[in-house]
Structure formats: structure tokens, C-alpha cells
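Residue numbers (this note's numbering): 800 to 1599. Comments concern the structure below.
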Amino acid sequence: MAKDRDRGGAVGSADAAPRRRFVNYPRSHVKSFRRWLPSWRVLVGTMLAGMALVAGVVIAAYNTITVPLASDLTKFEASTVYFDDGETEMGKLFASDGNREIVEYDSLPDYVGNAVVASEDRTFWTNSGIDLRGIARAAVNNLTGGERQGASTLTQQYAERYYMGTTTDYVGKFREAILALKITNTQEKDDILGNYLNTIYFGRDAYGIESAAQTYFHKSATELTISESAMIAGLIPSPRNWDPESNLEMSQARWQRTLDNMLEDGYITQQEYDEAEFPEYYDWERENRYGGTDGYLLKMVEEELIASERFTDEEIQTGGLQIHTTIDKTAQDAAVATAKSMPEDADDAVEFSLVSIDPEDGGIVALYGGPDFIEHQFNNVTQGAAQPGSTFKPLTLIGALENGKQLTDRYPGYSPMQIIEPSADNPEGWNPGNFNNEQYGNIDLVEATAKSVNTVYGQLNVEIGPDKTVDVAHRLGIDSEIQAVASNVLGVNEVHPYELGTAYATIAAGGLHNDTHIVKNVTLANGDSKYDPPRTPERVADPDVIGAATYAMTQVIEEPGGSGNPAQALERPAAGKTGTANDNVAAWFAGFTPQLATVVGIWQPGEDGGNDTITPFGGYSEMTGGSWPVNAWTDYMTQALEGEPVEEFAEFEEPTPTYTPTEEPETEEPETEEPETEEPETVKVPGNLVGMSQANAVATLGALGLNAQVSEEYSDQPPGVVIRVSGAGNVPAGSTIGITVSKGPEPQAPDPDPEPTETEPAEPTEPPEPTEPTEPQPTETTPDPEGGGNGNNNGNGGGQ
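Right under this line is the structure:
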């Protein structure tokens, strides 16, 4: 029995069902192929687990995604740049995605927003921010290989474009939908629609309803009609392709569809619907923010704000800033008009620059950097560079006055002049010449400035040291490298017009240097001040020194024969200096009145990257600072200062041209004691008298304290030209030097036995001696007392 029980127990155990596995798959108790199918329990469990997982992801995403504050919307508004009056708009600075202006939703007619709702999301006012039915429809279509579709509600479009950027992947769309849900739960529908209208792209570089209304209808969004609102709303899905200018048929179809939906959804009445007509629109006036002459100014505004380290590119382009510049609209228009007045026969390669600065604070009043920044992305004023020529002479004069020189100091002005003797280090020495090799006697610094005498200023620069000129240049505002060589007085190192303008503005300000700038101040869209830097001038030169230099520069314009005489037409106190570079590769006039400093410059770039000799134009035989540039300067200043009060320079006592004796002792000194005499025991006779005119040779000798004894004889040289000098080397002061002057070719004696003719020849006579200098005179009719120097490419020229 026991065995039976044991057997029975064993048998019973063997017949019992086996214990199920933890994962019963494939299902062991199911026969045939069904054992491979999951049970309903598995299906339900998997579905519930998946739903829980999705719900968890959605909840986590909902809790982690944040919505930017509504106040952040202002960062997407274009910044507006104004002229100095604070009202006249110069242009806008905006991000590369276009132009945007913010408008309050409450200020818009109801039909403006409802037109967009009717076109883009008819369930907007009632949905939760997403359209589940649309999402399902789009998912099926995309999975079955149909054309890819989106299922974005108006709120999702807003979330995508404003907060996230364009998204096309499923993860991005998921985040977009979650954000749309959260926006709907945290913002009022009116706010959502208003934000959408201010951010959506409507084509033509217009972001937001206000910019769209301006570009399509030239009016504010607050003035849009029902038809205009419907047309704009219909463009949203594809504004580039459905613009009425390029696709009128499609634009009209979209307009009609929007009107139909508006009527059906109750946003307009039947009468309004019936009266609606497709609106008249404007063609796109394609404007680039940097287009035209103002583009140079806008670019400078951006660069200056960035350099201040107070702004980023994003803040400037999307911060809705109100940027007020120092540019005067009238003066700027005058600068552009002056550039356009360049004679038609000027070479196309000639570049023109003009910069005008307020000496009081350094603000740029006007600037011409080029004709169009888009076509010519090179600012002639801030990037262009050329030799300034004799516009550098006032800088040397200031240095000399600081070192104790006086305007009455006199120097010989003959030309050429060996100022630096040859040496081992400098085999050629330095022997500059005057323009047209003009000869001058012993002249003071006022006349040397007025007539731009190179040889006088060359001597002056060597006396004070060229490094003094470098020092003055840098103090006045020139940052470019200036070499400490004798010829720097003739402007042989290139500078930017911007720098030269700053230096002359410093002189006009009496030696007070201001940082040259174009931005006056910046305010936020709400009017709060954002940037208003203090302008504190720096004293860089003594006012008395500057007063003396300014007086000398006024004589450039006022003194007969001055190189800037044409500027007298301004008919108000002015000072300035002409400048012509070596070989006439650049020509300038830099000058100022008490309230405005302006520099005009021209040059002609060559194919090798340098500057070529300027091809003459406008009837001038050669281009110098005293030719077209001084006339252009005068024309501009006349327009820029029209209506402005006539201001006088600071009072300065005009120097007397006579010598003043040294202090007289109270007691009589013996007449034989004259230790203070400055006359040298010997004087070197100039070696260049041959070839001069008689008048110039006599004046040159007189300047050295020598007398001239003139004799004449016939020669093959023109009458009045010195052909021989009876003296050389060093001679005692007061000596008489003999000079022989040509009487011209010897006349032929008449034939003693002339053959009889009907008319007897007249008795030959000697040709009359000319009263004018014998140097060749220009055939041009335009007078030009200023010129381009005897440049020899090693700094021996520089012009006047």
C-alpha cells in the first residue's frame, strides 16, 4: 500500500500542470500559430504602460518648457535711426530676417485680427492651442507617403516663429505643441493673437502687421480696411509666391477665400462682404537698410554702438531702439549735392570724400562716404586714405609756435632749396621746391602759410624737429602713423579724411579735442535713456598758439594770392589750408568757421592699388587743393551754414610786418659796440639763380642781404631770364652780385641791298621786354594759385 501511495503520489505529481514562466511567450498552453500572438492581457498592459509613459513625457515637457515673458516681445522690433532733429528718420536697423514694428493689438480694428483667424485657424478662439484632429490627419498623410503636411494652429505658428524658430522634425513639432498648450493656458487669446500679428512674416521683408501695412498699402495697420486685411491675411502661408505684384491671380483667390470664411464665421456682415473689392496695392519698393549714401551713416552708427561695448548686434537690430545721431539733414543733403556737382568730365575713378564736424562736441554733422554702400562697400571718409599734402603745414606751424617761433619770423623762400645737405646716411639730402618753382623773398610765416611756400615750411620743420610735427598731429586727432622725417610737413604719409577732419575740428575748437562721433544718444522704445555718454573735451594745445595759427590760416583765404582765395565767396570768417599730394595724386581743402570744420578730398585709385595722378577736369590744367576742392568746400559750407549766425574767431592781434628792436638800454652804449647784430659775416650765394626771372633773382639775393647788379645781353634764352652770375660760394654780407639777364635772341641786321619790292620792309626793332615772369603760363582760363609740389617720390614735394 505504501508503495502504491508512493507511486500514486509520484504519478499525481507527474500529471500536474507545469509551473508557468514569468514571461509566457510564446504561450505554451496555446496550440498552433496562436501561441505566437500576445494575449489580451499583454496588449492592455503594454498599452497602459505606453500611455503612462507618454503621459509622463507630456507632463514632464509641460512642466519644463517655459514661456518667455510678454515684455520680451520688444526685442524683436527694428531700431530706428534719426537725424539730429530727433524726428526725421534716417533708416532702420533690423535683423537679417527683415523689418518689424510693434503695434498694440487693442489699436487695431477687430476685422484685422479676425481676417488672420479666418485664414489661418478658424477654431482659434475656442481651441486649446493645438488641433488633435489636424495632427492625426497630417500624421496619417505623412506616414502613407502623401505630401508632407503640418497641423499647426495659429498658436503653434506663433510659438514656432517667435520662440523656437522654424521646426520640421517630429521632436520639434512635439515641443511646439506643448509650448502652444502652455501659451494658451497662460496668456489671453487677445494677447496671443496680438503677439502673432506682430511677429508673423508677410513678405517683402515685413515682419508684423504694421510693417506689412506700410509696404503693401503705405499706411498704418490701424487704418487697414476689411479688404486690405483679407488680402494681407491670405498671403501668410506663402507670401513670396502669393504677392499680388508677382502672382495677382493667386493673391485674389486667397483674398476671396478669406472673405468667404470671415462671412461664414460672422466676422463681417453680408453688406460688408458684398461691398468688398480687391484692394489697390503698391509695388514693392525694395530698399536695403544700407542702400544709398545714408548706408554709410547707418553702418557707422552700428559700428560705434558696438565699439562702445554697451550693445550687442542683437540689441541693435531687434531691440526697438531709438537712435539719435549728430547728422544734420540739411548739411547731409548739401554734402551729397556737392559730390554730385563734380564736373562730368571727371574720370570715373576719382573718389570724393567730405566730412563735416562740430568743433564744440566732435559730432559729425555731415559725411559723404560714397554714392551707395551696397554698390561701393568702402567708406571713403573712414577707410579711404591719401597723402594730405600741405594741409599738414598748420600742424608744423602749431609746433613751431609752441617752441617759441613767431608769425613774424622770416625765412628765404627761393626754390629749389638745399635744406638738408647730402651725407653718408642721406646721399641726396633734401632739396624741396615750391609749386611751379615759384620764387619768394624773405617772407614771414603768415605769407608762407597763405601762399603755401614749401621751402619756408621745410626750413621751419627742420628747425623744430620733424618729431614735433608728429606729436602735434597725434594730439590733434590723427592716429595714422606719421614718420618723423623732414618731409612730413608736406604731408607725405597717408591719412584718412576722418582723421584730418578731427584735427581741423580741434584747431577750430581752440585746441580742445573731442572724440569724433556720430551717435548722440539712444533711448528704449518706452523712452527711457539707454546710452547718453558724457562728452568731455581735452585740452591738447594752448589757445593762444591756436589763435595765432588760425590767424595765419585765415590769410590763406583772405590775403591776395592766397591758395584758398575762392573760399572768400563764403562771406563769413573762415580759415583753412589747401593740400596737394606728390604728383597730384590727391587734392584737398581743409577749413573751418568757428562753428563747423569740413574737409574735402579727392584722389584717383590706380590699378596697382595706389593712387594715380588725378586726371584734370572742370577746365583745370591740373588738380590741386586750390582748384575744384576749395570750390566744392565753399559750395558745401554755403549751403550747410545757410541761416546760421555769422560767428567771429577769437580775438587775435594781427602781427605787424615790421621788425621790432630789442630792449633799448637806459644808458647810451658806445656806437661801436654792436654785439647783438645777427648779420652773418658771410653769405652763401644761391646756386640756382641761373634760369630764374630777373625779379625773382633780385628778390632772392635781397632776402640774403646781398645786392644785385643787373646787366643784359642777347642770348638764345627768353628775355628777362638770368643766364650768368658773377659770384659763387660764400661772400661777405652786403656784397654786390652781378647777374646777367637775357635780352632774347639778337635781332638780324637788315639786308643792305634789298631787292626792290612793292612794299619796303619795316626797320627791325628789338622785341619788347616782357613784364610778366618768363615761366610758361598755363593755357587754361581757371586761375589756380595753389599746386601740386615738386614731388620726386622721396618726400621732396607735397604741394601747397
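Note that the Cβ used here is the ideal one computed from N, Cα and C, for glycine as well. Everything numeric in this text was worked out from a predicted model, so none of it was measured.
- Taking C-beta atoms as the reference points, residue 1537 and residue 1525 count as a pair closer than 7 Å.
- One thing to note: residue 1254 has its Cβ within 7 Å of the Cβ of residue 1231.
- When the beta-carbon positions are compared, residue 1057 and residue 1075 stay at least 7 Å from each other.
- Nearest C-alpha to residue 1160 among 1310, 926 and 955: 1310.
- Annotation for residue 1100: the continuous alpha helix (DSSP H) segment containing it runs 1093 to 1106.
- Annotation for residue 1428: no beta strand (DSSP E) segment contains it, though the alpha helix (DSSP H) segment containing it runs 1427 to 1439.
- Three or more Cβ pairs closer than 8 Å define a contact, and the stretch 1327 to 1344 falls short of that threshold against the stretch 1414 to 1434.
- With fewer than 16 other Cβ atoms inside 10 Å of its own Cβ, residue 1173 counts as exposed.
- Shown here for residue 1323: same chain residues with a beta carbon closer than 6 Å to its own, the five before and five after excluded, namely 1329 in chain order.
- Distances from the alpha-carbon of residue 1396 to those of 1543, 1099 and 1436 put 1436 closest.
- In this structure, the straight-line span from the alpha carbon of residue 1070 to that of residue 905 is close to 25 Å.
- Non-local beta-carbon contacts of residue 1275 in its own chain, meaning distances under 6 Å to residues more than five positions away in sequence, involve 1302 and 1305 in chain order.
- At a Cβ-Cβ threshold of 7 Å, residue 1034 and residue 1077 do not count as neighbours.
- The beta carbon of residue 1135 is closer than 7 Å to those of 1092 and 1167 in its chain, skipping five residues each way along the sequence.
- Here residue 1366 is near residue 1429, since their CB atoms are less than 7 Å apart.
- The continuous alpha helix (DSSP H) containing residue 1299 extends over residues 1296 to 1307.
- Straight across, the Cα-Cα distance linking residue 1271 with residue 1198 is about 6 Å.
- Contact check for residue 1229 against residue 1242 fails: the beta carbons are separated by 7 Å or more.
- Counted as a single uninterrupted DSSP element, the alpha helix (DSSP H) harbouring residue 1026 occupies residues 1025 to 1033.
- Look at residue 1204 here: in three-state DSSP terms it is coil, with no helix or strand label.
- Across the structure, residue 1340 and residue 1269 are spaced so that their CA atoms are roughly 14 Å apart.
- Bridge pairing for residue 899: 1006 [DSSP].
- Nearest C-alpha to residue 1177 among 1284, 1152, 1545 and 1012: 1152.
- In the structure shown, the three-state DSSP call for residue 922 is coil.
- Annotation: the stretch 1520 to 1547 contains no complete segment of the alpha helix (DSSP H) (minimum length 4 residues).
- Between residue 1509 and the set 1493, 1503, 1383 and 1441, the nearest pair of CA atoms involves 1493.
- Approximately 7 Å separates the beta-carbon atoms of residue 1317 and residue 1096; this is inside 8 Å, confirming the contact.
- The three-state secondary structure of residue 1121, taken from DSSP, is strand.
- The closest CA to that of residue 1357, considering only 1409, 1453, 1249 and 1236, is found on 1249.
- Contact between residue 1261 and residue 1285 holds: their C-beta atoms lie close to 5 Å from each other, under 8 Å.
- Sequence-distant partners of residue 1501 (beyond 5 residues in either direction) whose C-beta falls short of 8 Å from its own C-beta, in its chain, are 1240, 1241 and 1507.
- According to the DSSP secondary-structure assignment, residue 1377 is paired through a beta bridge with 1388.
- Contact holds between the stretch 1139 to 1159 and the stretch 1388 to 1407, because three or more Cβ pairs, one in each stretch, are under 8 Å apart.
- Note on geometry: alpha-carbon atoms of residue 1257 and residue 1486 lie some 18 Å from one another.
- Closest option to residue 1381, judged by alpha-carbon separation, among 1405, 1296 and 1289: 1289.
- For the pair residue 918 and residue 1170, the Cα-to-Cα distance works out to about 44 Å.
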